[in-house]
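Read through the structure below, which is laid out as structure tokens, and then see the notes.
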Amino acid sequence: MARTLAERSARSGPGRRAGSHAAATTDPDARLLAWPDGGPSRACGHGPFTSGGARGIILRPVRLRESVRDPRSPSTRTLRVLLADGRGTTVHVAEHDLRDVRLHVRRLPGLTPLEAWCRTHDVAEALVGGFYLRGSFPEEGRAAATGVLDGLPLGELRIDGAPVRSVPFLDPWGARRACVHADGGAVRIGRRHDLPDAPAGDLLQAGPLLVRDGVPVSGDDEGFSAGSSQFDSDITAGRHPRAALGVDGDRLIAVACDGRDDDEAGLDVGELARVMAELGAREALNLDGGGSTALVVGGRLRNVAREAHGVPLPGGRAIATALEFRPA
């Protein structure tokens with residue numbers, strides 16, 4: 000989620016750090032299992048990457064300990080990610096077979112919590128979509144009478160081949176930032192300049208790209224650090240609750256992680272990229288996160304949504320767009 004210029008100027012300092020409050024709610028299905036081979040997963044490898052545009056940082060190794068799959072939803076499982084500094088976080092995963100489901104981009108009415116929208120529209124499976132603007136201010140270069148941008152999606156948005164009103168990313172980042180494009184049973188994740196100019200089907204822009212050709216992506220090529228002025232802070236910096244979508248052939252991988260609590264560290268972007276690669280994503284992109292993080296499975300919110308100061312958000316924060324997984 001992005002904030003307005005007015006909101007940013009009212010803040011007394013840089014983006015707030017996540018706080019630690021009451022003990023995290025633990026999913027009963029998230030039981031830690033021993034390594035089947037007695038050793039760490041392949042996500043434990045070290046590798047240079049760029050976090051927040053600062054080069055030379057070494058990626059902290061990430062280890063996954065798998066839970067038993069949730070018997071209430073065969074496509075769902077909960078994992079515990081163990082981080083090198085001894086902290087951990089809970090990751091919720093929903094996998095969908097593209098032979099059985101279709102991915103649709105949805106523009107929610109105004110700003111609506113994802114779980115509430117799913118309940119109203121009889122949607123069982125969904126994931127938070129892209130960023131949006133919060134607050135009231137006139138469009139730049141236009142008279143105030145033209146309206147405000149409160150709640151408008153940030154980044155390109157297309158539904159059924161038609162553009163939907165949104166606020167574009169500033170140049171030159173709009174052409175570089177990652178998108179998910181869905182057209183029938185075909186889903187593609189890539190940077191905007193790698194996709195058709197006016198694609199059929201649905202397109203949602205967010206980013207950054209996390210995985211390409213099965214390998215975690217490094218660097219700040221999409222300018223979320225260098226071009227962070229449309230946000231209240233660099234969204235790629237630090238550990239937070241986060242959401243992502245991955246694709247691997249006929250499989251979609253929807254992910255949301257908890258965070259902002261004593262027992263829930265959250266993930267930084269590099270760690271999230273490693274998790275998505277470990278889960279088998281061939282390509283993956285980051286979606287709106289923080290308090291907006293939301294994964295709905297079987298009609299209920301799976302993750303624990305929290306504001307920046309750590310206070311839980313029952314039902315989740317109101318958001319602007321979503322990805323719906325609907326039976327084909």
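Residue numbers (numbering that gives the first Met the number 0): 0 to 327.
All C-beta atoms, glycine included, are put in the ideal place defined by N, C-alpha and C.
Considering only DSSP beta bridges, list what residue 218 is partnered with.
Answer is none; residue 218 lacks a bridge partner.
DSSP three-state call for residue 308: helix, strand or coil?
coil
List the residues that DSSP assigns as beta-bridge partners of residue 324.
102
The region 246-258 / the region 266-281 touching (three or more Cβ pairs under 8 Å):
yes
Just verifying my parser: in three-state terms, what is the DSSP assignment at residue 124?
Looking at residue 124 - three-state DSSP - the assignment turns out to be coil, as it is neither helix nor strand.
Based on Cα-Cα distance, which residue from 174, 157, 152 lies nearest to residue 165?
152
From the beta carbon of residue 109, is the nearest beta carbon of chain C less than 8 Å away?
Absent from the structure is chain C; it holds one protein chain and no more.
Starting from the C-beta of residue 317, find all residues in its chain whose C-beta is less than 7 Å away, skip the five residues before and the five after it, and write them out in chain order.
110, 111, 112
Tell me whether residue 272 sits in a helix, a strand or coil according to DSSP, three-state version.
helix
If distances are taken between C-alpha atoms only, which option among 191, 208, 265, 114 comes closest to residue 202?
Nearest to residue 202 by alpha-carbon distance, out of 191, 208, 265, 114, is 191.
Are the CB atoms of residue 284 and residue 255 within a distance shorter than 8 Å?
With respect to the 8 Å criterion, residue 255 and residue 284 are not classified as neighbours on the basis of their beta carbons.
Using 10 angstroms around the beta-carbon of residue 108, count the other beta-carbons present and answer buried if the total reaches 16, otherwise exposed.
exposed
Could you check whether the region 171-187 touches the region 95-105, counting it as contact only if at least three pairs of C-beta atoms, one from each stretch, sit closer than 8 Å?
yes
Buried or exposed for residue 267, please, with buried defined as at least 16 other CB atoms from any protein chain shown within 10 angstroms of its CB.
buried
Please report the distance separating the alpha-carbon of residue 380 from that of residue 232.
Because the chain in this structure spans residues 0 to 327, residue 380 falls outside the shown range and cannot be described.
Residue 288 and residue 327 - do their beta-carbons sit closer together than 8 Å?
Not in contact: residue 327 and residue 288 (Cβ atoms no closer than 8 Å).
With respect to the beta strand (DSSP E) encompassing residue 294, which residues constitute its N-terminal and C-terminal limits?
Run containing residue 294: 294-296, per the beta strand (DSSP E) assignment.
For residue 93, count neighbouring C-beta atoms within 10 Å of its own C-beta (all shown protein chains included) and say buried if the count is 16 or more, exposed if not.
buried
Beta-carbon contacts of residue 263 that lie in its chain and below 7 Å, excluding the five residues immediately before and after:
23, 88, 89, 257
With C-beta atoms as the reference, is residue 114 less than 8 Å away from residue 315?
yes
Just the Cα atoms here: how many angstroms apart are residue 26 and residue 259?
Confidence at residue 26 is low in this model, with a pLDDT of 36, below 50, so its placement is unreliable and no value can be given for it.
Burial state of residue 33, where buried means 16 or more other Cβ atoms lie within 10 Å:
A caution first: residue 33 carries a pLDDT of 23, below 50, which makes its placement in the model too unreliable to give a value.
Under the three-state DSSP convention, the category residue 244 falls into
Three-state DSSP puts residue 244 in a strand.
Determine the contact status of residue 226 and residue 172, defining contact as a CB-CB distance below 8 Å.
yes
In three-state terms, what does DSSP make of residue 32?
Residue confidence for residue 32 is low, a pLDDT of 23 falling below 50, so the modelled location carries little weight and cannot support an answer.
Could you pull out every unbroken beta strand (DSSP E) segment of at least 3 residues lying fully inside the region 159-185, listed in chain order?
Taken in chain order, the complete beta strand (DSSP E) segments of 3 or more residues contained in the region 159-185 are 177-182.
With DSSP run on the structure shown, which of helix, strand or coil describes residue 155?
Here residue 155 sits in coil by DSSP.
Identify, in the order they occur along the chain, each residue of the same chain with its Cβ nearer than 7 Å to the Cβ of residue 220, setting aside the five sequence neighbours on each side.
175
Contact defined as beta carbons within less than 8 Å: I believe residue 332 pairs with residue 160. What is the distance between those atoms, to the nearest angstrom?
The shown model of the chain, from 0 to 327, leaves out residue 332, and the question about it has no answer.
Take residue 252 and list the residues in its own chain whose beta-carbon comes closer than 6 Å to its own, dropping the five residues that flank it on each side.
Cβ neighbours of residue 252 beyond the five flanking positions: 94, 245, 278, 280.
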